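Everything in the sequence shown is counted per numbering that gives the first Met the number 0, starting at 0 for the first residue and increasing by one.
Data first, discussion second: the structure below is written as structure tokens.
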Amino acid sequence: MKRCPELYGRPCQQPPSSIAKDVMPAASPPIIVFDLDGTLVDTAPDLISALNYVLAREGLRPVPLAAARNMIGAGARKLLERGLEVEGRAVSVADLDRLTRDFVDYYADHIADGSRPFDGLETALDQLEAQGHRFAVCTNKLEWLSKLLLDRLALTSRFAAICGADTFGVAKPDPAFLRETVARAGGRLPGAIMVGDAGTDVGVARRAQVPVIGVDFGYTDVPMAELKPDRLIGHMRDLPAAVASLAAD
Numbered sequence: 000m001k002r003c004p005e006l007y008g009r010p011c012q013q014p015p016s017s018i019a020k021d022v023m024p025a026a027s028p029p030i031i032v033f034d035l036d037g038t039l040v041d042t043a044p045d046l047i048s049a050l051n052y053v054l055a056r057e058g059l060r061p062v063p064l065a066a067a068r069n070m071i072g073a074g075a076r077k078l079l080e081r082g083l084e085v086e087g088r089a090v091s092v093a094d095l096d097r098l099t100r101d102f103v104d105y106y107a108d109h110i111a112d113g114s115r116p117f118d119g120l121e122t123a124l125d126q127l128e129a130q131g132h133r134f135a136v137c138t139n140k141l142e143w144l145s146k147l148l149l150d151r152l153a154l155t156s157r158f159a160a161i162c163g164a165d166t167f168g169v170a171k172p173d174p175a176f177l178r179e180t181v182a183r184a185g186g187r188l189p190g191a192i193m194v195g196d197a198g199t200d201v202g203v204a205r206r207a208q209v210p211v212i213g214v215d216f217g218y219t220d221v222p223m224a225e226l227k228p229d230r231l232i233g234h235m236r237d238l239p240a241a242v243a244s245l246a247a248d
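This is how it looks when you write it as structure tokens:
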């Protein structure tokens, strides 16, 4: 029989269950990765204000907030492109570059004028944090703008990582973006959950093979229910129960 030197030559007779307890760490609660715009924070008022500022400078009509909400989610440049398309304006790449810079400059100065966390967010984060979950942000917004917004809303400290479309040189739905975000937050991809409001969020989760919770109060041109997330919530107060349901699967 095998001898254990540390036990002074006595046989190694620990039962398998005891051995497993000694050498196998307890599984950590899943890391929860959030989209930003339309998921954590209602940013539409300030994003559309910046869009309309640029459109007005170009002599174009403003886009109504209700109509523009579903344009959000793919970054500043795409939002501008969509706003210009509504007005039937085609611009060169150089002009779009210039307008994007103008948009970002104005938006940064007004980033939290009207943007607020969705109702129930901080209570949900408190509950999940008490259960041992950690959080990260994976957004197609620029990283520095994301951090600026979360700083202004006193939310930065809640997240182990805040990653934007420029952080790794890829954007959602590229699964590398989610993988790198989870790694930066110190988590493991097999133990991650994505939370988002749009097709890019469902897409990145599916490609990375992690479960996804959809929210139906965000910005999307396709209803979240039609995108078939693993769980669907209509209010942040429902997030802890949705996370627990996925973790139990």
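Quick reminder that beta carbons are idealized off the backbone N, C-alpha and C, glycines included.
Treat the numbers as computed from the prediction; the structure is a model and nothing was measured.
Tell me the rounded alpha-carbon separation between residue i and residue j.
i      : j      : result
Val92  : Leu127 : 44 Å
Ala73  : Gly163 : 11 Å
Asp108 : Ile31  : 30 Å
Ala66  : Gly233 : 21 Å
Arg205 : Asp96  : 32 Å
Thr155 : Glu86  : 36 Å
Ala272 : Leu144 : With the chain running from 0 to 248 in the structure shown, residue 272 is simply not present.
Pro24  : Pro61  : Caution is warranted here: a pLDDT of 44 is assigned to Pro24, below 50, making its placement in the model unreliable, and the coordinate value is therefore given only provisionally. Rounded to the nearest angstrom, the two C-alpha atoms are 56 Å apart.
Arg76  : Ala123 : 32 Å
Phe261 : Gly213 : Since the displayed the chain opens at 0 and closes at 248, residue 261 lies outside it and no answer follows.
Leu231 : Leu238 : 9 Å
Arg133 : Arg183 : 12 Å
Pro63  : Gly202 : 28 Å
Ala89  : Gly190 : 44 Å
Phe33  : Leu98  : 28 Å
Val103 : Asn69  : 19 Å
Asp215 : Gly185 : 29 Å
Lys20  : Ser27  : Model confidence at Lys20 stands at a pLDDT of 38, short of 50, so the residue's coordinates are unreliable and nothing is read from them.
Ala224 : Glu84  : 27 Å
Lys146 : Asp125 : 20 Å
Considering just the uninterrupted stretch of the alpha helix (DSSP H) at residue i, what are its terminal residues?
i      : result
Phe176 : Pro174 to Arg183
Leu127 : Leu120 to Ala129
Val242 : Leu238 to Ala247
Gly82  : Ala75 to Val85
Leu226 : No alpha helix (DSSP H) contains Leu226, which DSSP labels as neither H nor E.
Phe102 : Val92 to Asp108
Ala204 : Gly198 to Ala207
Ser145 : Glu142 to Arg151
For the beta strand (DSSP E) containing residue i, name the first residue and the last one.
i      : result
Gly59  : Gly is not the amino acid found at residue 59; the sequence shown has Leu there. Neither: Leu59 is in no beta strand (DSSP E) and is coded neither H nor E.
Gly249 : Since the first residue of the chain shown is 0 and the last is 248, residue 249 is not available in this structure.
Gly213 : Val211 to Val214
Val32  : Ile30 to Phe33
Val136 : Phe134 to Cys137
Ala160 : Ala160 to Cys162
Out of the options, state which residue places its alpha-carbon closest to the alpha-carbon of residue i.
i      : options                           : result
Val169 : Arg157, Thr199 and Leu147         : Thr199
Ser114 : Leu39, Leu188, Ser156 and Arg60   : Leu39
Asp82  : Arg100, Ile47 and Asp94           : First, the amino acid is wrong: residue 82 is Gly here, not Asp. It is Ile47.
Pro222 : Ala197, Leu95, Leu238 and Phe176  : Ala197
Val53  : Ile71, Met70 and Leu79            : Leu79
Gln130 : Pro29, Met235 and Ser145          : Pro29
Asn139 : Thr166, Arg56, Leu152 and Ala89   : Thr166
Met235 : Arg88, Leu120, Leu147 and Asp94   : Leu120
Asp101 : Ala55, Leu188, Leu226 and Gly185  : Ala55
Asp41  : Asp248, Ile110 and Thr180         : Ile110
Arg151 : Leu141, Asp112, Leu245 and Gly195 : Asp112
Ala160 : Glu179, Lys171, Pro172 and Pro174 : Glu179
Tyr105 : Ala247, Asn51 and Ala207          : Asn51
Ala207 : Ala224, Val181, Leu226 and Asp220 : Val181
Leu35  : Ala247, Asp248, Lys171 and Ala240 : Lys171
Just checking my contact of residue i with residue j at CB under 8 Å: how many whole Å lie between their CB atoms?
i      : j      : result
Pro228 : Val211 : 5 Å
Gly58  : Gly217 : About 31 Å; that fails the 8 Å criterion.
Phe158 : Val136 : 5 Å
Leu245 : Ile192 : 6 Å
Ile71  : Ala43  : 6 Å
Leu188 : Val209 : 6 Å
Counting only beta-carbon atoms, is residue i nearer than 7 Å to chain B?
i      : result
Ala107 : The displayed structure is made up of one protein chain only, and chain B is not part of it.
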